[in-house]
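Undergrad: One structure, as structure tokens, below. Some questions next.
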Amino acid sequence: MDSRIWESVDDLVARLDEQSTQSPQEERLLRILKLSEEVGEVGAAVIGATGQNPRKGVTHTWEDVQHELCDVVFTALVALRTLTPDAARIFDERLAYVEQRSAASRRTPEAPRAAEQP
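Heads up: the sequence shown begins at 55 in our numbering, then just goes up one per residue.
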């Protein structure tokens with residue numbers, strides 16, 4: 055991931071920490087819970103973009119959905135960085151794991167070996 059992103063996350067976490075009136079434990083929990091709020095906003099934007107609420111009609115655009123999804127990503131990175139100063143390393147390790155798992159799922163199953171065939 056681009057180092058600029060982690061620099062921004064670090065700056066944001068530092069600013070949030072400075073302004074916090076909560077204990078570090080409470081702040082950590084609240085930042086994780088903030089993800090639920092942001093995911094809810096994605097849902098609201100999708101409902102608004104598709105006009106699924108007949109009373110309101112179309113209230114959002116797909117660009118709004120994109121922005122809300124970015125907010126989810128930012129919030130998750132802030133929560134991760136709040137949990138550990140090694141957020142970038144942990145993220146990179148997890149990305150490598152997901153890439154490996156994804157590559158493995160794309161491989162075709164091997165034919166049974168001759169010894170395994172009945």
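The beta-carbon is built from N, C-alpha and C at its ideal position, and this holds for glycine as well.
(1) Give a yes or no on contact between the stretch 116-123 and the stretch 137-155, applying the rule of three or more CB pairs nearer than 8 angstroms.
(2) Could you check where the alpha helix (DSSP H) with D28 kicks off and where it finishes?
(3) Cβ of A133 within 7 angstroms of Cβ of I59?
(4) Given a cut-off of 7 angstroms, decide if G111 and G105 are closer than it, judged by their beta-carbon atoms.
(5) Note the first and the last residue of the continuous alpha helix (DSSP H) segment covering T113.
(6) What do you get for E91, buried or exposed, if any count of 16 or more other CB atoms within 10 angstroms of its CB means buried?
TA: Let me lay it out:
(1) no
(2) There is no way to answer for residue 28, as the model of the chain reaches only from 55 to 172.
(3) Cβ distance not < 7 angstroms, so A133 and I59 don't count as in contact.
(4) yes
(5) Unbroken run through T113: none, as it is neither H nor E.
(6) exposed
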